[in-house]
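Here is the structure we will look at, set down as structure tokens.
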Amino acid sequence: MKLKIDREFAERLPEYRVILMECNVTNSETSEDIREEMDNLATEIACKYKVEDINKSAPIATTRRAYKICGKDPNRYRPSQEQLMRRIVRGLGLYNVNSLVDAGNILSLETGCSVGCFDASKIQGDMLTVGIGKHDEPYEGIGRGVLNIEGLPVVRDGAGGIGTPTSDNERTKIELSTSRLVMTIHLFDPDIDHSEIIDKATSIFRKYCSVTDITAEVIHA
5 MKLKIDREFA
15 ERLPEYRVIL
25 MECNVTNSET
35 SEDIREEMDN
45 LATEIACKYK
55 VEDINKSAPI
65 ATTRRAYKIC
75 GKDPNRYRPS
85 QEQLMRRIVR
95 GLGLYNVNSL
105 VDAGNILSLE
115 TGCSVGCFDA
125 SKIQGDMLTV
135 GIGKHDEPYE
145 GIGRGVLNIE
155 GLPVVRDGAG
165 GIGTPTSDNE
175 RTKIELSTSR
185 LVMTIHLFDP
195 DIDHSEIIDK
205 ATSIFRKYCS
215 VTDITAEVIH
225 A
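Note that the working numbering numbers the sequence shown so that position 204 is 208, with each residue one more than the last.
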């Protein structure tokens with residue numbers, strides 16, 4: 005899989021980077037080990053943050069700034085990692101889906117970055133692009149129905165949008181049968197060390213999803 009960044013997006017967000025990772029995986033129902041790690045992480049976040057402090061975290065603050073630059077109100081369409089943290093701090097807890105999705109949520113919470121996880125077999129073509137959502141562009145968010153992605157950063161394949169930092173698309177969502185993962189990690193914060201993010205992602209997914217043949221590439225605006 006290859007990835008390129010649209011010129012308009014790069015001009016608006018010249019410090020943006022995205023990590024593209026691919027690997028073979030073994031997915032499963034949520035294990036007790038991953039459930040325990042998510043519970044511990046939720047407890048840690050609940051003790052550290054108040055609701056009003058969440059969007060001051062540098063990775064989240066820079067993601068929200070990117071939304072504004074692209075033309076989206078981040079209070080109406082919150083980045084997914086902010087949504088997860090708000091659930092935790094409000095005492096709603098974390099939901100479990102399956103090992104792959106849960107591992108992606110752990111990565112997102114630990115780094116503050118927006119993480120997109122896609123079933124490689126459902127992606128159309130071998131080229132992904134990162135750009136800005138257009139007016140009336142069709143998009144069905146996972147568990148959200150039709151989502152207005154105008155002004156949102158969006159990852160597209162040959163058939164259209166598959167991921168935004170707010171919600172991934174139903175069309176390419178992870179299933180228990182998923183055997184190859186394509187993952188995008190959005191780095192809007194220029195101070196984040198991308199090598200540390202790659203190491204953390206590799207560690208988490210190896211621990212819970214038996215990954216093999218991992219590749220990682222950093223694409224700059």
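For glycine and all other residues, C-beta sits at the position ideal for the given N, C-alpha and C.
* Of the listed residues Met187, His198, Ala225, nearest to Phe209 (C-alpha basis) -> Met187
* Asked: Which residues in the same chain have their Cβ closer than 8 Å to the Cβ of Leu88, if we skip the five residues on either side of it in sequence?
  -> Leu98, Asn109, Ser112, Leu113
* Distance CB(Ala124)-CB(Glu26) smaller than 8 Å -> yes
* **Beta-carbon proximity of Val22 to Val119, cut-off 8 Å** => Not closer than 8 Å, so no.
* Where do the ends of the alpha helix (DSSP H) carrying Glu154 lie? -> Element bounds for Glu154: n/a, residue is neither H nor E.
* Give the range of the alpha helix (DSSP H) segment to which His198 is assigned. => For His198, the uninterrupted alpha helix (DSSP H) run begins and ends at 198-213, by DSSP.
* To do: Taking only the alpha-carbon atoms, compute the straight-line gap between Ser103 and Asp43 and give it to the nearest angstrom.
  => 14 Å
* If you draw a straight line from the alpha carbon of Ile38 to that of Val105, how long is it in whole angstroms? -> 11 Å
* Asked: What is the DSSP secondary structure of Phe192, counted as helix, strand or coil?
  -> Coil, per DSSP.
* When we look at the beta-carbon of Pro194 and count the other beta-carbons within 10 Å, is it buried (16 or more) or exposed? -> Exposed, since its Cβ has fewer than 16 Cβ neighbours within 10 Å.
* Round the Cβ separation of Pro63 and Ile196 to the nearest angstrom and send it over; I've been treating them as touching at under 8 Å. => Correct: roughly 7 Å between the Cβ atoms.
* To do: Can you tell me which of Lys204, Ala65, Arg82, Thr219 puts its alpha carbon nearest to the alpha carbon of Leu151?
  => Arg82
* To do: For chain B, find out if any of its Cβ atoms is closer than 8 Å to the Cβ of Asn100; answer yes or no.
  => Included in the structure is just one protein chain, with no chain B present.
* Asked: For Ala46, which of Lys60, Glu12, Asn31, Arg91 has the nearest alpha-carbon?
  -> Arg91
* Would the segment 143-158 and the segment 172-180 be scored as touching if the rule is three or more Cβ pairs under 8 Å? -> yes
* Going by beta carbon distance, what residues of the same chain come within less than 7 Å of Ile218, once the five residues before and after it are set aside? -> Met25, Cys27, Thr206
* To do: Using DSSP bridges, identify the partner residues of Val101.
  => None; Val101 has no bridge partner.
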